[in-house]
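Asks:
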Amino acid sequence: MILIEFQCSSESLLVRTYVGNLNYPSFSVVFQSTGDAVTYKRVVKNVGSSLDAIYEVKVNSPANADIKVSPSKLVFSAENKTLSYEITFSSVSMDWPTIISSTFGSIEWSDGIHGVRCPISVKWRQGSSRDSI
Numbered sequence: 001m002i003l004i005e006f007q008c009s010s011e012s013l014l015v016r017t018y019v020g021n022l023n024y025p026s027f028s029v030v031f032q033s034t035g036d037a038v039t040y041k042r043v044v045k046n047v048g049s050s051l052d053a054i055y056e057v058k059v060n061s062p063a064n065a066d067i068k069v070s071p072s073k074l075v076f077s078a079e080n081k082t083l084s085y086e087i088t089f090s091s092v093s094m095d096w097p098t099i100i101s102s103t104f105g106s107i108e109w110s111d112g113i114h115g116v117r118c119p120i121s122v123k124w125r126q127g128s129s130r131d132s133i
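Residues in the sequence shown are numbered consecutively from 1, following full-length UniProt numbering.
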């Protein structure tokens with residue numbers, strides 16, 4: 001994974017994180033081999049006016065990848081409340097060194113009325129260090 005450092009000028013705080021943890025609404029993962037796993041954290045906010053909104057996740061895993069989301073249900077008890085979830089991507093068994101250029105999937109959070117879709121791109125790379133974008 002690519003490790004980046006940046007400094008928040010207002011607090012002079014040095015922050016180290018992986019590029020994949022930058023809270024983008026999409027996910028990109030690069031696996032080095034079968035059996036690799038990557039976990040990212042996301043923070044989401046209820047911008048709607050409905051209180052007690054309950055969003056459940058639906059996972060559409062890319063081929064040869066397994067996705068786990070925790071928690072699988074987000075319960076917003078107040079307007080503008082923020083919650084977080086973790087998503088773990090695992091490379092599953094395939095005939096190595098078969099190289100798949102990319103596969104795609106998504107997760108979707110839905111309360112039955114509103115939906116938020118997060119696209120996922122997964123790539124396997126052989127012969128170089130593992131990183132993710």
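Just so you know, even glycine gets a beta-carbon here, dropped at the ideal spot from N, CA and C.
Take the Cβ of Asn80 as the centre, count every other Cβ of all protein chains shown within 10 Å, and call the residue buried at 16 or more, exposed below.
Replies: Working through the sequence shown from its first residue, we reach residue 80 at position 80. Its Cβ having fewer than 16 others within 10 Å, Asn80 is exposed.
Asks: What is the DSSP secondary structure of Asn21, reduced to helix, strand or coil?
Replies: Here residue 21 refers to the residue found at position 21 of the sequence shown. Asn21 falls in the helix class under three-state DSSP.
Asks: Determine, using beta carbons only, whether Ser101 and Pro119 come nearer to each other than 8 Å.
Replies: To locate residue 101, count along the sequence shown from 1; it is residue 101. To locate residue 119, count along the sequence shown from 1; it is residue 119. Their beta carbons are not under 8 Å apart, which means Ser101 does not touch Pro119 by this criterion.
Asks: Could you check where the beta strand (DSSP E) with Gly105 kicks off and where it finishes?
Replies: Walking along the sequence shown from the start, residue 105 turns up at place 105. Thr103 to Ser110 is the span of the beta strand (DSSP E), which, as asked, contains Gly105.
Asks: Just the Cα atoms here: how many angstroms apart are Val122 and Val38?
Replies: Here residue 122 is taken as the residue at index 122 of the sequence shown, counted from 1. Here residue 38 is taken as the residue at index 38 of the sequence shown, counted from 1. Answer to the nearest angstrom: the Cα atoms are 11 Å apart.
Asks: If you measure between the beta carbons of Val69 and Tyr55, is that distance less than 8 Å?
Replies: Start at 1 with the first residue of the sequence shown, and residue 69 comes out as number 69. Start at 1 with the first residue of the sequence shown, and residue 55 comes out as number 55. It is not a contact, given that the beta carbons lie outside the stated cut-off.
Asks: Check whether the Cβ atoms of Pro62 and Thr103 sit closer than 8 Å, and answer yes or no.
Replies: Here residue 62 refers to the residue found at position 62 when the sequence shown is read from its first residue. Here residue 103 refers to the residue found at position 103 when the sequence shown is read from its first residue. At a Cβ-Cβ threshold of 8 Å, Pro62 and Thr103 count as neighbours.
Asks: When you compare only the Cα positions, how much space is there between Val44 and Ile113?
Replies: As a position in the sequence shown, residue 44 is number 44, starting the count at 1. As a position in the sequence shown, residue 113 is number 113, starting the count at 1. Distance between the alpha carbons of Val44 and Ile113: 17 Å.
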